[in-house]
Each structure stands twice: as structure tokens, then as C-alpha cells.
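Contents: one structure, followed by commentary.
As C-alpha cells, then:
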């Protein structure tokens, strides 16, 4: 596997050969707080003069190494080449016309400029706060609580109809995301604005280990019964954390609504109860 130094050499040498105008990097490799491991991607942008000329013949991509699999994506005026190499490295390479550099800057949380002899990045500045969480407003808090309990009815429907993908999508994709939001606001309430990372990947660094274990226990969707157990435990978890946040922030929590929705779920799912291992 190429070392980080070797990868940077290839990235910069290729840029030199192609005569790109500027090179920058984003992603976890620009975040000093991010854990360092072999799975970190190289998120790179080449700011170019002639995009059409570069994409007309992509044989130059071979300079990065032998690829196992790749994808090509169009994003606005940009082209993104996702490449996974035989040695385990991965490069997400964006080609961005220099007249649309603002598109790329706006899409990134933070970045580091590697080459910019023409000063194309000088009028822009990184926005590392993209994945930062501030203390909740009461309006945002109310919307999150309402969304959680509203979508809970969809999860019940999916389980009762034995529609595994439907139930799981609403449970993880919406309800548990609202739970994560409540947990992030718990942290922000105590610490102020915090960096929770993309997809909440740094969130549990701010909690005792037990809290992460509690949430991880909710992620077993291996069967309809496990989905049901996860759902019931998720409701209990959300109910607990939302009340706690409301008390700390002086917000109003619709406890009666929450209790009615939990009662509704248990009535519709009479053959299930929260397992001891999930009970909070």
C-alpha cells in the first residue's frame, strides 16, 4: 500500500503534468481531530482551465495506480472520479473549472490548499463549521420531537405489515436520526458549539462509553422481531433524552403525545416488549 507521502507525490506530480491551476484537499485528512487509519480517503480537487480536454481522454488516471472499481459523477459543473485501488488506497478526485471554484468551496466543510500559484483560493475561506452543532432553539427542538413521534406511526405500520425495508428505513433514516440530533444538542447545551462530524461520527466522543453502547444496541435490524425491539427501545431512549434536554433548556416537552404514541405502538405490537438488553 502506498504511504501517505507517496500518495501526495502522485497527486501533486499528476497535477503538474496536467498543468492544473490549483490543488486542494478536503475530508478527514484535513481534520486534525479525525482518527488516522488506512481507510481515510484522499479527497482532492484539481482546479482546471480546460475540463473538456481532460475528460476527453482519461488515460491519465492510470498514473494513480490500478483500480479495482470506480465511479464517475457529475456535480453541477464538476466531474468527480471515485477510485478504489488494488493497494487499498482510495482517491475521490474532483475536476472543477476555475470559473466555478465557488461550487466546490461551498460543498466542503474544510479544506487545505496544496498548490495555488495563481491565488484562485485567496478570496475564499474554509467553513469547518459545516458539521458543527449549536445549542437547540425551542422551535427546532419542537420540530424534532414532532417528527420523531409522527414517523413512529409509520414504523408501526411497516412492522405490522411485515414490510422490513419500509420499517427499517423510517426507523433508522428518520427516527434514530432525530434521536442523534437530540443527543448532539445535549452536548451543545453543555459545551457550546461542537464538531460532531459528518453523520455524527464524532458525537459519542463527548459521551461516556455506556451511551454509545446504548445507541449501538438499537442498530440490530436482522429480523422483524429485532426491528421491533429496536423501535420500542428507540422510543424509550428518545423519550428519556428529549425530556432531559427540555428540563435543561427550559423547553416544553409534549409528554402526553409521547406517552400516547408509545402506548399506541405497544397496543399494535402486543407480542413484543423491550428486551432487557435494550431496556434503558
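Residue numbers (my numbering): 3 to 282. C-beta: ideal position from N, C-alpha, C; glycine also. Keep in mind the model is a prediction, meaning the values are calculated, not measured.
{"Asked": "Excluding sequence positions up to five away, which residues of its chain have a Cβ less than 8 Å from the Cβ of residue 263?", "Found": "151, 154, 155 and 237"}
{"Asked": "In this structure, what does DSSP give as the bridge partners for residue 81?", "Found": "76 and 97"}
{"Asked": "Quick check on the DSSP output: what are the complete beta strand (DSSP E) runs of length 3 or more inside the stretch 109 to 155, in order along the chain?", "Found": "113 to 117"}
{"Asked": "Confirm, please, whether the CB-CB distance from residue 147 to residue 256 is below 9 Å.", "Found": "yes"}
{"Asked": "Are the Cβ atoms of residue 294 and residue 271 separated by less than 9 Å?", "Found": "Any property of residue 294 remains undetermined from this structure, which presents the chain solely from 3 to 282."}
{"Asked": "So what's residue 255 in DSSP terms, helix, strand or just coil?", "Found": "coil"}
{"Asked": "Which of the three DSSP states, helix, strand or coil, is assigned to residue 71?", "Found": "strand"}
{"Asked": "Out of 142, 169, 139 and 109, point me to the one whose CA is closest to residue 127's CA.", "Found": "109"}
{"Asked": "Could you check what DSSP says for residue 197 in three-state terms: helix, strand or coil?", "Found": "strand"}
{"Asked": "If the criterion is Cβ atoms closer than 9 Å, does the pair residue 180 and residue 254 meet it?", "Found": "no"}
{"Asked": "Please state whether the Cβ-Cβ distance between residue 15 and residue 30 is less than 9 Å.", "Found": "no"}
{"Asked": "Within 10 angstroms of its Cβ, does residue 5 collect 16 or more other Cβ (buried), or is it exposed?", "Found": "exposed"}
{"Asked": "Which residues bound the alpha helix (DSSP H) around residue 13?", "Found": "6 to 20"}
{"Asked": "CA-CA distance, residue 27 and residue 38?", "Found": "16 Å"}
{"Asked": "With a CB to CB cut of under 8 Å and the five nearest residues on each side skipped, what residues in its chain are close to residue 190?", "Found": "135, 136, 137, 138 and 196"}
{"Asked": "Assuming residue 232 and residue 173 are in contact, meaning their beta carbons sit under 8 Å apart, how far apart are those beta carbons, in whole angstroms?", "Found": "7 Å"}
{"Asked": "Would you tell me roughly how many angstroms separate the C-alpha atoms of residue 122 and residue 186, rounded to the nearest one?", "Found": "36 Å"}
{"Asked": "Kindly provide the ranges of any beta strand (DSSP E) runs that are 3 or more residues long and lie completely inside the stretch 207 to 252, ordered along the chain.", "Found": "none"}
{"Asked": "Name the two residues that bound the continuous alpha helix (DSSP H) containing residue 171.", "Found": "166 to 172"}
{"Asked": "Residue 82 and residue 95: beta carbons closer than 9 Å?", "Found": "yes"}
{"Asked": "Verify the contact flag: residue 197, CB atom, against every heavy atom of the ligand HEM, threshold strictly below 8 Å.", "Found": "No copy of the ligand HEM occurs in the structure displayed, which carries no ligand at all."}
{"Asked": "Which one or two residues does DSSP pair with residue 92 in a beta bridge?", "Found": "86"}
{"Asked": "Can you give the Cα-Cα distance for residue 80 and residue 98, rounded to whole angstroms?", "Found": "5 Å"}
{"Asked": "Tell me the DSSP bridge mates of residue 45?", "Found": "28 and 94"}
{"Asked": "Identify the residues that DSSP records as bridge partners of residue 189: which are they?", "Found": "BP columns for residue 189 are empty, so no partner."}
{"Asked": "Starting from residue 54, trace the alpha helix (DSSP H) both ways and give me its first and last residue.", "Found": "53 to 58"}
{"Asked": "To the nearest angstrom, how far is it from the Cα of residue 242 to the Cα of residue 194?", "Found": "21 Å"}
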